[in-house]
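Chemist:
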Amino acid sequence: MIGLYATIFILMFLLIFGAPVVFAVALSAITYFVVTPGMWDMVAIYPMRLFSGMDSFVFLCIPLFVLAGEIMNASGMMNDLVKFCQVMVGRFKGGLAHVNILASMIFGGITGSGLADVSALGPIEIKLMKDDGYDPAFAAALTACSAVQGPIIPPSIPFVIFASLTSTSIGALFMAGAIPGIMIGLSQMLVVVYMSRKAGFPSSKEKSTTKEKITVIKAAFFALMMPIIILGGIISGIFTPTEASAVAVGYCFVVAKFYYKQISISDYKRILVTTAKTTGSIFLIIGFASVIGWVLAAENIPAIISQAIERNNISPYMLLFFVNIFFLFNGMWLSDAAQLVLFAPLFTPIFAAMGVSPIHFGCVMVVNVMISMITPPYGAALYLAALISKEPLVNVTKAALPFIISSIVVLFLITYFPVFCMTLPKLMGLV
Amino acid sequence: MLNFLKKLSDLINDLVEIFCSVMIAIIAIVLLINVIGRFIFSYSFPWSEELSRYLIIWVSMLITSTLVKNDELIKVDFFDSFWPTNLIKYRAYMYRILMYVLFFVLIKHGWNMAISGKMMHLFSMKISWFWPYLAIPVGSGLIIFQLTVVTLLDINNNFLKRKERHSR
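Chains as they are written, first to last, in the numbering used here: chain F, 1 to 431; chain Z, 1 to 168.
1. Alpha carbon to alpha carbon, how far is Asp-267/F from Ala-44/F? Give it in angstroms, no decimals.
2. Buried or exposed for Asp-80/F, please, with buried defined as at least 16 other CB atoms from any protein chain shown within 10 angstroms of its CB.
3. Which of the three DSSP states is assigned to Ser-119/F in this structure?
4. Which value, in whole angstroms, describes the spacing of the CA atoms of Val-367/F and Asp-55/F?
5. Taking the straight line between their C-alpha atoms, what separation do you get for Ser-113/F and Phe-65/F?
6. State yes or no: is the C-beta of Pro-425/F within less than 9 Å of the C-beta of Met-175/F?
7. For Thr-85/Z, go through chain F and note every residue whose CB falls closer than 8 Å to its CB, in chain order.
8. Go ahead and label Lys-277/F buried or exposed: buried means 16 or more other beta carbons lie within 10 angstroms of its beta carbon, across all protein chains shown.
9. Would the beta-carbon of Leu-27/F fall within 9 Å of that of Ile-10/F?
10. Is it right to say Pro-46/Z is buried, meaning 16 or more other beta carbons lie within 10 angstroms of its own, or is it exposed?
11. Can Ala-25/Z be considered in contact with the ligand MG, in the sense that its beta carbon sits closer than 8 Å to one or more heavy atoms?
12. Residues of chain F with a CB under 8 Å from the CB of Met-178/Z: which are they?
13. In the DSSP assignment, what residue or residues form a beta bridge with Ser-128/Z?
14. Residues of chain F with a CB under 8 Å from the CB of Asp-80/Z: which are they?
15. Kindly indicate which three-state DSSP category Lys-207/F falls into: helix, strand or coil?
16. Checking 9 Å against the spacing of the C-beta atoms, do Ser-119/F and Leu-384/F come in under that value?
17. Run through chain Z and tell me which residues come within less than 7 Å of Tyr-378/F, C-beta to C-beta.
18. Below 7 Å on C-beta distance, what does Gly-110/Z contact in chain F?
19. When you compare the CB of Met-1/Z with every CB in chain F, is at least one pair closer than 9 Å?
20. What is the DSSP secondary structure of Pro-302/F, reduced to helix, strand or coil?
21. Apart from the five residues on each side of it in sequence, which residues of its chain come closer than 6 Å, Cβ to Cβ, to Ala-219/F?
22. Could you pull the start and end residues of the alpha helix (DSSP H) that Glu-17/Z belongs to?
23. Classify Lys-127/F as helix, strand or coil using the three-state DSSP reduction.
24. Please look up how many angstroms separate the CB atoms of Thr-111/F and Gly-362/F, rounded, as I've assumed it's under 8 Å.
25. With 9 Å set as the bound, which would you pick, yes or no: does the beta-carbon of Met-119/Z sit closer than that to a beta-carbon of chain F?
26. Can you grab the Cα-Cα spacing for the pair Asn-312/F / Ile-305/F, in whole Å?
27. How many whole angstroms separate the CB atoms of Gln-146/Z and Ser-65/Z, which I take to be in contact at a CB cut-off of 8 Å?
28. Nearest-angstrom Cα distance between Met-35/Z and Val-193/F?
29. Compile a chain-ordered list of the residues in the region 115 to 147 of chain Z whose CB is closer than 7 Å to at least one CB of chain F.
30. I need the straight-line Cα distance from Ile-271/F to Ala-246/F, nearest angstrom please.
31. Where does the unbroken alpha helix (DSSP H) through Tyr-317/F begin, and where does it stop?
32. Among all the DSSP beta bridges, which residues are the ones paired with Pro-20/F?
33. Output yes if chain Z places a C-beta closer than 9 Å to the C-beta of Phe-239/F; else output no.
34. Count the other CB atoms, across all protein chains shown, that sit within 10 Å of the CB of Glu-391/F; report buried if there are 16 or more and exposed otherwise.
35. Run through DSSP, which three-state label would Asp-41/F get?
36. Interface residues of chain Z around Val-21/F at Cβ under 9 Å?
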């Protein structure tokens with residue numbers, strides 16, 4: 001057990017000490033082999049686990065969804081998407097704030113990555129909101145917080161990771177995430193409505209004519225078709241999630257090449273390098289975290305937790321509460337991928353034995369770990385939005401607080417009312 | 001010497017970026033062709049899954065060296081103000097030393113793993129496991145190289161700064 005304590009201590013220390021997250025995970029994993037008596041002889045397991053942690057066909061949809069998002073971003077499709085949202089909700093008070101949330105909701109149905117959402121929509125949305133008189137820190141905070149929906153609304157990279165680690169149906173998980181993702185968006189819209197009344201946010205200055213509306217809808221047609229193609233294909237069983245991501249890349253490439261005609265060869269080089277870098281960061285964290293996952297299994301942690309639950313007669317609802325708090329706390333330090341790799345295989349069987357559906361638990365866990373994108377100190381989306389807006393992180397974090405709270409309220413709603421997660425998978429016969 | 005190392009580091013960085021871009025493009029094309037092939041010709045390449053799986057591991061291991069070189073790895077710097085300034089100054093050196101240990105372990109044992117993989121063959125591609133496993137030691141080697149160059153440049157910059165301060 002001393003090795004496990006040392007692993008956890010080193011992980012926390014290195015994260016607080018400001019070491020890169022991926023290396024903090026990697027170094028803490030190797031600590032176990034160094035500290036535990038007799039384990040150094042078995043250190044050959046380390047590269048083996050690193051390799052097998054990354055070796056998954058399902059994970060291949062991660063680079064491909066990122067690539068599709070990058071192509072969409074560079075092609076100019078995002079501008080049409082934002083214009084479409086402006087036509088839909090821009091006329092309300094706090095119009096651009098609503099546009100920001102709706103655009104993330106739709107974009108979430110395209111890439112499955114929250115950070116892709118911030119980097120693709122952020123520059124457009126933050127500039128528009130700044131020009132319209134919004135506080136730049138608020139614009140950045142809302143951009144980061146609305147991106148939380150992205151990976152919850154299908155397709156979703158974290159759901160893919162969860163499904164792959166727990167052998168759960170990806171289609172069912174995707175469908176389970178749809179309503180909670182939209183709920184997070186709606187809860188943020190409610191916050192905006194309240195703030196609009198208090199702070200007097202502006203509404204769109206000009207009203208668009210029917211002709212203009214039709215033009216904008218036509219222009220956004222290709223972007224809006226993406227979620228339909230991807231989800232339709234996966235749910236109808238025409239293709240697997242990995243194949244769907246390849247189709248998404250093909251679709252984006254064709255639309256960008258023949259309709260938008262904006263991307264040059266050098267743009268493609270940049271797009272591919274960015275995709276490789278984003279993918280590398282995610283895969284390496286998955287790989288190193290899977291070494292820690294092995295450590296947890298070697299130390300018999302799942303059995304220890306199960307025994308503690310039985311001994312203390314903890315109900316599933318109570319455990320869900322504790323686990324939610326645990327994940328929210330971890331989310332302040334660890335990335336979503338690391339948390340999923342470490343804890344999804346650990347807790348899913350425990351909850352399944354207590355009668356909690358893995359689909360419901362998966363949905364709760366993914367919503368929870370996605371909120372970690374906006375919880376300081378390690379809120380990757382907040383960092384990125386602060387960087388784009390050139391606003392101090394502290395101001396952005398303060399402005400994000402109401403949205404963090406509204407997202408946590410939704411988290412507990414879906415935790416205690418499984419109907420929000422389970423209705424769609426049941427209706428579609430996926431569970 | 002340092003200039004040569006810097007140039008070599010830039011060259012390796014560019015080559016890695018090109019290799020990784022090509023590999024990502026290959027993965028996307030192969031998987032897309034597979035979907036199209038399955039629908040139109042009811043035929044898919046049996047090796048496409050294995051090729052894509054192992055190429056992405058190569059991409060992940062290689063591209064990390066460029067992330068290290070360009071300091072693009074995400075870190076939590078929220079607590080920097082709580083640590084003594086001197087400690088912050090030498091923090092990078094401290095965790096780099098630990099990273100050297102880690103990646104030397106990965107080179108040594110990753111290489112042993114690759115060598116032992118020579119005896120086994122991939123089911124569809126019919127090549128030995130040596131090639132997929134090789135990603136771990138090669139990627140780790142590149143990470144150590146870029147880490148060394150970054151550290152040497154840091155030391156040099158600090159030395160020059162100190163010299164400038166003294167001359168004033």
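Glycine included, every Cβ here is placed at the ideal spot set by N, Cα and C.
Modeler: Working from what's here:
1. 41 Å
2. buried
3. helix
4. 25 Å
5. 8 Å
6. yes
7. Simply none; closest approach about 13 Å.
8. buried
9. yes
10. exposed
11. For the structure depicted, the ligand MG is absent and the ligand set is empty, with no information on it obtainable.
12. This structure cannot settle anything about residue 178/Z, because the visible part of chain Z is limited to 1 through 168.
13. His-121/Z
14. Gly-18
15. coil
16. Judged by beta-carbon spacing, Leu-384/F lies within the 9 Å limit of Ser-119/F, meaning their Cβ atoms are closer than that value.
17. Those are Val-76, listed as they occur along chain Z.
18. Pro-47
19. Between Met-1/Z and chain F, the shortest Cβ-Cβ separation is not below 9 Å.
20. Helix.
21. Asp-80
22. 2 to 40
23. helix
24. In fact, because the Cβ distance is near 20 Å, the residues do not count as touching under 8 Å.
25. no
26. 11 Å
27. 5 Å
28. Strictly speaking, residue 35/Z in this sequence is Val, with Met absent from that position. The straight-line gap from Cα to Cα measures roughly 45 Å.
29. Tyr-133, Ile-136
30. Each residue's alpha carbon lies about 15 Å from the other.
31. Where Tyr-317/F is concerned, the enclosing alpha helix (DSSP H) stretches over 316 to 330.
32. Lys-75/Z
33. yes
34. buried
35. helix
36. Leu-73, Ile-74, Lys-75, Val-76
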